[in-house]
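Reading through the structure tokens given below for one structure.
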Amino acid sequence: MITLEGKKYYIHTFGCQMNVRESETAAGILQSLGMQATQTMEDAHVILFNTCCIRDLAERKAWGAIGASRTRKQEDPQTIIGVFGCMMAQEGANQEVKKRFPFVDIVFGTNSLHELKPLLEQARRGMRVRKGQVGDAQEEFALPVFHNSKPSAFVNIIHGCNNFCSYCIVPYVRGREKSRPMTYIVQEVEELVAQGYQEVTLLGQNVNSYGKDTGDASFAELLRRLDQTGMPRIRFMTSHPKDLTEELIDTIADCKSVCKQIHLPVQSGSNAVLKAMNRKYTREHYLHLIERIRYRMPECGITTDFIVGFPSETEADFQQTLDLVRQVRFDTAFMFAFSPRKGTPAARMEGALSAEEKQRRLAELIAVQREITMDVHKSLVGREEMVLIEHTSRRSDKQLTGKDERGRTVNLNGDLSLIGQMVPVRIVRANANSVFAERIG
Ligand code: SAH
Ligand code: SF4
Ligand code: F3S
0 MITLEGKKYY IHTFGCQMNV RESETAAGIL QSLGMQATQT MEDAHVILFN
50 TCCIRDLAER KAWGAIGASR TRKQEDPQTI IGVFGCMMAQ EGANQEVKKR
100 FPFVDIVFGT NSLHELKPLL EQARRGMRVR KGQVGDAQEE FALPVFHNSK
150 PSAFVNIIHG CNNFCSYCIV PYVRGREKSR PMTYIVQEVE ELVAQGYQEV
200 TLLGQNVNSY GKDTGDASFA ELLRRLDQTG MPRIRFMTSH PKDLTEELID
250 TIADCKSVCK QIHLPVQSGS NAVLKAMNRK YTREHYLHLI ERIRYRMPEC
300 GITTDFIVGF PSETEADFQQ TLDLVRQVRF DTAFMFAFSP RKGTPAARME
350 GALSAEEKQR RLAELIAVQR EITMDVHKSL VGREEMVLIE HTSRRSDKQL
400 TGKDERGRTV NLNGDLSLIG QMVPVRIVRA NANSVFAERI G
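Here it is, written out as structure tokens:
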């Protein structure tokens, strides 16, 4: 039987920040077995795929990547290949992996990372282990995590979702809401402060539900507690509009370390579509929330998500979405064409739109939002901001990239030694997806 000590692991992560964080937990477990990370499959002894099934494209990408690991397994049959995450928590996913990729050693679903160690043990004994399903998050909360993303870290605070938006697969593959005990969260953030981290992003499908299942503390109380830890910047996502309270808006405004930034997915500007989506708020309520946020925090960064081409979405419904975009003037938005997910109510609804029509609407929405983002960026020129430098920019390794308090991407010229530092800048130029700045002071 081979030992894993001193060997290398490779993790390929698809999907949202929650998956990124859970891959860090998987890494923490592998590190505790004496393994080290590598950036390619070629020299890896353990290869893990953390999957996503939010849209069809995400699934196709994951299948492609898993298929590509076949060569590595043929080269060295002792390589252990594992697939886990949301896609594997779907009914029948196990069988599909078995059929398409019989060389895969381990399959498990969500909320099951505490099983990774025993499953690896079994795989080392040559067993194929498949148990794709939704496990019990409780046991995952205290696992070791390997944060390797200085200066900024993800911290999960609530797993699962109870909302059942009619298009969404998440409640089926992640199970019911389970809040992580506040003591673990505070402890983790305090450790990150001690290690020199400058920013945490608190993660949950709906952070506003935090504590409702345990009665521990509300999300607003958690934010106030974390504001005392000395962490310079605290962000969070995602907030569901139906649960965003005045108390929470006040808390964000009042807490020094909590960034003035809210990601508040609206999905559609039409009440008929919102109802069919089971979002449980109206366009008017959403606009009222935006007003409240801007009244308390005139400078707050506001971003959102949209789905276009929902079944039966009429041209008039779509125009209502465009109208809402123009009215709110979001900083940026994530925009998607509706992708039917098997097992969700929306996948069975009548009035499906053609792929061409969905794409036309998506392109039109993206064009409108792009212009607004550009205008917002232009209005920032001349302003002074504090930027947390994260890494070199994608375009050039002589350029640095960071974020301002409102979560906007800021590029600037500067020395690599600035990475991880908070620096004062003046914004000098607007681009479509970011702004360019110069250091001051
Ligand atoms: N929990 C978060 C987001 C979860 S998924 C929330 O409630 O807002 C992220 C985004 O993916 C969603 O906001 C939605 O815009 C999009 N999405 C989810 N299911 C989708 C589907 N079936 N087709 C297209 N987009 C989808
Ligand atoms: Fe999906 Fe809705 Fe839950 Fe978000 S709130 S994860 S969109 S069901
Ligand atoms: Fe995807 Fe699961 Fe996140 S379906 S978006 S990885 S919660």
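Residue numbering for the sequence shown follows numbering that gives the first Met the number 0, beginning at 0 and increasing consecutively. Note that beta-carbon positions come from the ideal geometry of N, C-alpha and C, so glycine has one too.
{"Check": "beta-carbon Cys160 near the ligand SAH non-hydrogen atom, thresh 7 Å", "Outcome": "yes"}
{"Check": "Of the residues Thr400, Gln30 and Gln194, the one placed nearest Thr228, counting alpha carbons only", "Outcome": "Gln194"}
{"Check": "Environment of Ala67 [buried if 16+ CB atoms lie within 10 Å]", "Outcome": "exposed"}
{"Check": "Buried/exposed call for Asp104, threshold 16 Cβ in 10 Å", "Outcome": "buried"}
{"Check": "Check whether Thr37 and Lys72 have beta carbons under 8 Å apart", "Outcome": "no"}
{"Check": "Rounded C-alpha distance that separates Cys160 from Asn205", "Outcome": "7 Å"}
{"Check": "Pairwise C-alpha distance: Ser311 and Tyr183", "Outcome": "45 Å"}
{"Check": "Coil, strand or helix - Lys441 by DSSP", "Outcome": "In the structure as shown, the chain begins at 0 and stops at 440. Residue 441 is therefore absent and cannot be evaluated."}
{"Check": "Residue-level contact to chain D via CB, Gln30, 8 Å cutoff", "Outcome": "Any reference to chain D falls outside this structure, which holds one protein chain only."}
{"Check": "Three-state secondary structure assigned by DSSP to Leu243", "Outcome": "coil"}
{"Check": "As assigned by DSSP and simplified to three states, the class of Gly401", "Outcome": "strand"}
{"Check": "Uninterrupted alpha helix (DSSP H) stretches inside the region 300 to 378 (no shorter than 4 residues)", "Outcome": "314 to 327"}
{"Check": "C-alpha distance - Glu384 paired with Gln197, whole-angstrom precision", "Outcome": "16 Å"}
{"Check": "Integer-rounded CB distance, given that Gln121 should sit under 8 Å from Lys177", "Outcome": "Rounded, the Cβ-Cβ distance is 26 Å, inconsistent with contact."}
{"Check": "Pair within 8 Å by beta-carbon distance, Leu47 and Gly81", "Outcome": "yes"}
{"Check": "Pro143 beta carbon near the ligand SF4 (any heavy atom closer than 7 Å)", "Outcome": "no"}
{"Check": "His284 Cβ short of 7 Å to the ligand SAH heavy atom set", "Outcome": "no"}
{"Check": "Coil, strand or helix - Arg69 by DSSP", "Outcome": "helix"}
{"Check": "Val265 Cβ short of 7 Å to the ligand SAH heavy atom set", "Outcome": "no"}
{"Check": "Arg20 beta carbon near the ligand SAH (any heavy atom closer than 7 Å)", "Outcome": "no"}
{"Check": "Boundaries (first-last residue) of the alpha helix (DSSP H) holding His287", "Outcome": "Arg282 to Arg295"}
{"Check": "Pro231 Cβ short of 7 Å to the ligand SF4 heavy atom set", "Outcome": "no"}
{"Check": "Distance CB(Gly131)-CB(Asn93) smaller than 8 Å", "Outcome": "yes"}
{"Check": "DSSP-derived helix/strand/coil call for Met236", "Outcome": "strand"}
{"Check": "Exposure of Pro143, with buried meaning 16 or more beta-carbon neighbours within 10 Å", "Outcome": "exposed"}
{"Check": "Simplified DSSP state of Thr483, which is helix, strand or coil", "Outcome": "Residue 483 lies beyond the residue range present for the chain, which begins at 0 and ends at 440; the question has no answer from this structure."}
{"Check": "Any non-hydrogen atom of the ligand F3S closer than 7 Å to Met181 Cβ", "Outcome": "no"}
{"Check": "Segment contact flag, the region 347 to 354 with the region 317 to 326, C-beta cutoff 8 Å, min 3 pairs", "Outcome": "no"}
{"Check": "Endpoints, beta strand (DSSP E) assigned at Thr182", "Outcome": "Per DSSP, Thr182 belongs to no beta strand (DSSP E); it is in the alpha helix (DSSP H), Met181 to Ala193."}
{"Check": "Three-way DSSP call (helix, strand, coil) for Thr213 in this model", "Outcome": "coil"}
{"Check": "Check your reading: residues with Cβ closer than 7 Å to the ligand F3S heavy atoms", "Outcome": "Phe13, Gly14, Cys15, Met17, Asn18, Cys51, Cys52, Ile53, Ala57, Gly84, Cys85, Ile168, Val169, Val172, Arg173 and Gln204"}
{"Check": "Through-space distance from Glu90 to Lys116, alpha-carbon basis", "Outcome": "24 Å"}
{"Check": "Per DSSP, the bridge partner or partners of Ile80", "Outcome": "Ile46"}
{"Check": "Touch test, the region 261 to 271 against the region 367 to 375, Cβ-Cβ under 8 Å, three pairs minimum", "Outcome": "no"}
{"Check": "Nonlocal neighbours in the same chain, by C-beta distance under 7 Å from Phe235, ignoring five residues either side", "Outcome": "Thr200, Leu201 and Val206"}
{"Check": "Own chain residues within Cβ distance below 6 Å of Asn155, not counting five before or after", "Outcome": "Arg20 and Leu202"}
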